[in-house]
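> Numbering (the numbering used here), first residue to last: 119 to 584. Beta carbons: idealized from backbone N, C-alpha and C, even for Gly. Source: prediction; values computed, not measured.
#1: Would DSSP call residue 257 helix, strand or coil?
#2: Please state if the CB of residue 246 and the CB of residue 217 are separated by a distance shorter than 7 Å.
#3: Taking the beta carbon of residue 276 as the centre, do at least 16 other beta carbons fall within 10 Å, making it buried, or is it exposed?
#4: I need the DSSP call for residue 246, collapsed to helix, strand or coil.
#5: What does the alpha-carbon distance come out to for the pair residue 265 and residue 446?
#6: Which residue's Cα is closest to the Cα of residue 441: 387, 209 and 326?
#7: Does the pairing of the segment 299-312 with the segment 417-434 give three or more beta-carbon distances under 8 Å?
#8: Using only alpha-carbon positions, find the residue among 416, 387, 423 and 390 that is nearest to residue 400.
#9: Quick one: measure Cβ to Cβ for residue 285 and residue 438, integer angstroms, because I've assumed they're closer than 8 Å.
#10: Rounded to whole angstroms, what is the Cα-Cα separation between residue 182 and residue 229?
#11: Under 8 Å, with one C-beta from each stretch per pair, do the segment 251-265 and the segment 220-237 reach the 3-pair mark?
#12: If you drop the 5 nearest sequence neighbours on each side, which residues of the same chain put their C-beta closer than 6 Å to that of residue 296?
#13: Since residue 222 and residue 212 are thought to touch, with beta carbons under 8 Å apart, how far apart are those beta carbons, to the nearest angstrom?
#14: Along the chain, where does the alpha helix (DSSP H) that runs through residue 290 open and close?
#15: Using the three-state DSSP reduction, which class does residue 545 fall into: helix, strand or coil?
#16: Would you please state the rounded distance, in angstroms, between the beta carbons of residue 444 and residue 236? I believe it to be under 8 Å.
#17: Need the endpoints of the alpha helix (DSSP H) that residue 383 sits in, please.
#18: Take the Cβ of residue 315 as the centre, count every other Cβ of all protein chains shown within 10 Å, and call the residue buried at 16 or more, exposed below.
#19: What residues in its chain sit with their C-beta under 6 Å from that of residue 360, if we drop five residues either side in the sequence?
#20: In angstroms with no decimal places, state the Cα-to-Cα distance between residue 565 and residue 250.
#21: Can you tell me whether residue 407 is helix, strand or coil according to DSSP?
#22: Quick one, which of 407, 386 and 180 has its alpha-carbon nearest residue 591's?
#23: Whole angstroms are fine: how far does the CA of residue 334 sit from the CA of residue 415?
#24: Let me make sure I understand the geometry here. Which of 220, 201 and 188 has the alpha-carbon closest to that of residue 172?
#25: Can the beta-carbon of residue 340 be found less than 7 Å from the beta-carbon of residue 331?
#26: Taking residue 398 and residue 376 to be in contact with their CB atoms under 8 Å, please state how far apart those CB atoms are, rounded to whole angstroms.
#27: DSSP on residue 449, reduced to helix/strand/coil?
#28: Once you ignore the five residues that flank residue 267 on each side, which residues in its own chain have a CB closer than 8 Å to its CB?
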């Protein structure tokens, strides 16, 4: 089921038989997800049980539900073909291109996707770096899922690139603080941005943290237990030990152990950080084994931390509170209108699409375009000053059509339309597009889970006496 491949040195220099066991990946699973391993410039990290195709299917299913895209079915002819372009709306490192192709393929294998950039390339604001051609239904259905993946991955890759450059000569790592279900996707984005991968999960590396040390009764007890476990199971894994204080002894440490120096970067009132404790720890270790700094790592502090001599710097901020890179997928509406000589003004959403398949004269098209051009995708990057008149035009369009409907049996439709306009006008003080930031770039709330070690030790003592 699983194929074996050699992990390139740029992916993770720590992958070796003495430090990281994981050197396999599910090649079968990746190919089933529509990815050609040979053609990927930066391969995804290793995970023996991760089902990438399942993640894609779940993302599409939660969007489409059991009915599919009802708006597409109501407004767009099923046989209409369009071309849509990927547009970078801010500078950054693009990531998720290979994954986007898999999503398009899952929705409709006949869609044709072309790119002028590849994963890991820097894109400037305003650059069109890719396009997709095919059925409009399929493109619109895949659009949100594709953008969700690409925006998140590109945001992670962009921040990783900035932090990796600032951290030199140390290497930047992410942590397990990833979005649930997107572990491999988030870590893949870190690789694309030029970072290195920490352990994938709980299964591929021994990492002794404060809770383990407290329950086991000290560092030496923890290390002895780990050595016995690895020997009994014939595992050649590295061991990482987390220290929060300088009160430790390095005696008895094997060369394949790594020490995480946690919380030795002390924030200062002026926003700077004090790294003197971290530097003292690195000097004390004196290169006997690899070191990793963690805690209070930000884009502003990572350069200073990197100058202390640590081997690695790990930062949860790379994945748990990343700001999504603004990328859009714009349909070429001129091309669509040339192929289909009919047009949908704002009020037309209340009319079955079959009735609207009537060619419009040039004069009628100009009139309705002047009133509702924003509906067909023309976006002049509106600011808050443009949003209010845009909403008024929308209201006027629906109100005029409502006047016609009031004399028919479609009165409930008029009420719904007016209510929607009132709600829309109530929030037009800022661009509606900003509402997306509530979910795609949210900052994670810092919450921890602390084990009651005194209770655990008391239970252990009682068990021994029994």
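From the atom records:
#1: helix
#2: no
#3: buried
#4: strand
#5: 7 Å
#6: Closest in C-alpha terms to residue 441, from the list 387, 209 and 326, comes 209.
#7: no
#8: 423
#9: Going by Cβ atoms, the distance from residue 285 to residue 438 rounds to 18 Å, so no, they are not a contact pair.
#10: 18 Å
#11: yes
#12: Cβ contact annotation for residue 296 (same chain, cutoff 6 Å, sequence separation greater than five): 304 and 437, in chain order.
#13: In fact, because the Cβ distance is near 16 Å, the residues do not count as touching under 8 Å.
#14: Per DSSP, residue 290 belongs to no alpha helix (DSSP H); it is in the beta strand (DSSP E), 289-291.
#15: Note that residue 545 has pLDDT 48, beneath the 50 cutoff, so the model's placement of it is unreliable and the number below is only indicative. It is coil, neither helix nor strand.
#16: The beta carbons of residue 444 and residue 236 sit about 20 Å from each other, so the pair does not count as a contact at 8 Å.
#17: Here residue 383 belongs to no alpha helix (DSSP H), and DSSP marks it neither H nor E.
#18: Around the beta carbon of residue 315, 16 or more other beta carbons sit within 10 angstroms, so the residue counts as buried.
#19: 327, 378 and 380.
#20: 41 Å
#21: Taken through DSSP and simplified to helix, strand or coil, residue 407 comes out as coil.
#22: With the chain covering 119 to 584 only, the question about residue 591 has no answer from this structure.
#23: Those two C-alpha atoms are separated by around 29 Å.
#24: Of the candidates 220, 201 and 188, the one whose C-alpha sits nearest the C-alpha of residue 172 is 220.
#25: yes
#26: About 18 Å; that fails the 8 Å criterion.
#27: strand
#28: So the list reads 177, 214, 217, 218, 221 and 303, once near-sequence residues are dropped.
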